[in-house]
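From first to last, the protein sequence lines stand for chains A and B. The first sequence begins at 1 in the working numbering and counts up one residue at a time. The second sequence begins at 1001 in the working numbering and counts up one residue at a time. Backbone N, C-alpha and C fix where the C-beta goes; we use that ideal spot for every residue, glycine too. Note that this is a predicted model, so its numbers are computed, not measured. I have placed the structure first, in the form of structure tokens, so that the comments after it can refer back to it.
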Amino acid sequence: MAKAAYPEALRRVIAALAKWPGVGEKTAARLALYLLRAPQEEVRELAQALVELKDKMQLCRLCFAFADQELCPLCADPRRRQAEQILVVADPGDLLAIERLGWYQGLYHVLGGLLSPLEGVTPDHLRLKELRQRLAAGEAREVILALNPTMEGEATTTYISQELKPLPVRVSRIAYGLPMGGDIKYADRQTLKEALSHRVET
Amino acid sequence: MNSWRTPAIVLKVQDYGEADRLVTFLTPARGRLTGMAKHARKSRRRFAHCLEPLSRVEFFLSGRNAGNLEFIEKGESVEVFQEVRRNLPRLGAAALLAELAGELAAPPDATVQIFATVELALRRLEGGDPPGSLLPAFLLHLLKLGGYGLHLDNCLNCGQVPTEGLYFSVPRGVILCAPCSQGALGPLLPLTLGEWKLLQQAASWPANKLSVLRFPGQQRDKSLRLVKLFLRHHLGHDLKSWAFWEKVAATRE
Ligand SMILES: [Zn+2]
Ligand SMILES: [Zn+2]
């Protein structure tokens, strides 16, 4: 086995990289050897960035997206607030997928999951109280539900629409141009854009 | 062993690694199974619309399996129960019934009936049967099929048919008349004659007649509490789906 020939320091890096999603032993070894040959500054910068990722990253106080300060860059942006829209997503990955389109100009709210009857996930597991507080504070006049077209996503959409009905906000959900069972994170740009622009009032 | 095709009701779908999905599903022949759907997150063609919890599908399973893990080669959607998905009380009832069916470690001859019962319940919910009545009736029916037959016809101790308030013994799954309940092992759940009659009918009627039964709010809650306590005692844990039923579905029903 060639691996036994690696010194301890190299083995540690390979073992750490091999835990990453989509990275096997072989790829991990290739990446580690690349780092070994890379300039000192490049490796230091990576190490520093990794440490800071864990130390500084927190969740935005308002929308629960990733932030390195109390507010994420989006909530801190006055232009974003002007739209008076909150787009509700299940997790930060969905937020990034929509943000990559560069089309939406309002604020977000990350629920932290979806209702799941069979898994025992109920409304108190999601950040719904926080959403209501934001609406009570007058942050938005429109709520857009952008949840996956799955059983869990549809149940959550139905639940939130019903809960927000008494409030003076317009509630819509994205059109399900996405195939059933599909995932916002893996949708192609065009499909996602269409789903966002054709909204249905709930 | 050659690949085989089976009707299935999907219970749970989890992402596995970068590309695969792990699917738990109910089958008529072998009860609850878990299978790997390779590349299911990318290949929409092989698994179009069929990896959705509580949908009725056909799975093609490869003959090879690794221990308890099946390999799902492809799937076809049969019915997604759109109205059940859109309606939270119906969804809550469907989830509880499907979960219970998966928990029942049934003898092989019962798995066919258990599957048929869950499928029938989903169809009835889709067709508009009130979930608050359908749920307790079908739960009791599933308990019977799973071998947890409740003794509800007369007092187990003295054999008398109750004429007034009686008790359900949670550990034994039987009813006791008031005098015989004295000193009996608890927990004991008091029942009115009306509540008892309904339970008795639900536990003894054939599945296709259960739709006739109506459980008014209070009797619905009482019956569900009885089933919940009984299952907790005998399974050693609560079904996960109770939480959704109690917090979301029951209040909207
Ligand atoms: Zn924010
Ligand atoms: Zn007696």
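- With contact defined as three or more Cβ pairs closer than 8 Å, the stretch 1128 to 1146 of chain B and the stretch 1087 to 1100 of chain B are in contact.
- Contact residues of ligand 2 (beta-carbon closer than 5 Å to any heavy atom; chain order) are C1155(B), N1157(B), C1158(B), C1177(B) and C1180(B).
- Within its own chain, the residues whose Cβ lies closer than 8 Å to the Cβ of L36(A), once the five positions on either side in sequence are excluded, are L10, listed in chain order.
- For L1091(B), the closest Cβ of chain A is nearer than 8 Å.
- No Cβ-Cβ contact shorter than 8 Å links V89(A) with Y104(A).
- For C75(A), the shortest C-beta to heavy atom distance toward ligand 1 is below 7 Å.
- At a threshold of 7 Å, A67(A) counts as near ligand 1, since its beta carbon sits closer than that to one of the ligand's heavy atoms.
- Cβ proximity to chain B below 8 Å picks out S116, P117, L118, E119, G120, V121, T122, P123 and D124 from the stretch 116 to 129 of chain A.
- Rounded to whole angstroms, the Cβ separation of T156(A) and L115(A) is 5 Å, and the two are in contact under 8 Å.
- Chain B has no Cβ within less than 8 Å of the Cβ of P92(A).
- Straight-line spacing of the CA atoms in A1116(B) and L1139(B) works out to 13 Å.
- Restricting attention to alpha helix (DSSP H) runs no shorter than 4 residues, the stretch 1063 to 1137 of chain B encloses them at 1082 to 1086, 1088 to 1103 and 1108 to 1127, ordered along the chain.
- A1094(B) is not a Cβ neighbour of L1142(B), given a cutoff of 8 Å.
- The C-beta of K1197(B) comes no closer than 8 Å to any C-beta of chain A.
- Against chain B, the CB of P21(A) has a partner CB under 8 Å away; the residue lies at that interface.
- Contact between V171(A) and V143(A) holds: CB atoms are separated by about 5 Å, below the 8 Å threshold.
- L1166(B) sits away from C1158(B), with the two beta carbons spaced by 8 Å or more.
- Note: Q85(A) is bridge-paired with E142(A) in the DSSP secondary-structure output.
- Within a 10 Å sphere around the beta-carbon of W20(A) sit fewer than 16 other beta-carbons, which makes this residue exposed.
- Here L1231(B) is near L1239(B), since their CB atoms are less than 8 Å apart.
- Legend: CB atoms of the stretch 176 to 197 of chain A lying less than 9 Å from CB atoms of chain B belong to residues P179, M180, G181, G182, D183 and Y186.
- Scanning its chain for C-beta atoms nearer than 7 Å, with the 5 sequence neighbours on each side dropped, one finds around R1085(B) the residues L1091, in chain order.
- In this structure R1220(B) is buried. Its beta-carbon is surrounded by 16 or more other beta-carbon atoms within 10 angstroms.
- With its beta carbon at least 8 Å from every one in chain B, T202(A) lies outside the interface.
- Runs of the beta strand (DSSP E) lying entirely within the stretch 93 to 178 of chain A and spanning at least 3 residues, in chain order: 107 to 110, 142 to 145 and 170 to 174.
- Taking 8 Å as the cut-off, the beta carbon of A28(A) is found no closer than this to the beta carbon of A38(A).
- Within 10 angstroms of the beta-carbon of W1004(B) lie fewer than 16 other beta-carbons, which makes it exposed.
- With a beta-carbon spacing of about 14 Å, E1246(B) and L118(A) fall beyond the 8 Å limit used to define contacts.
- Between L53(A) and the set F64(A), E41(A) and Q69(A), the nearest pair of CA atoms involves Q69(A).
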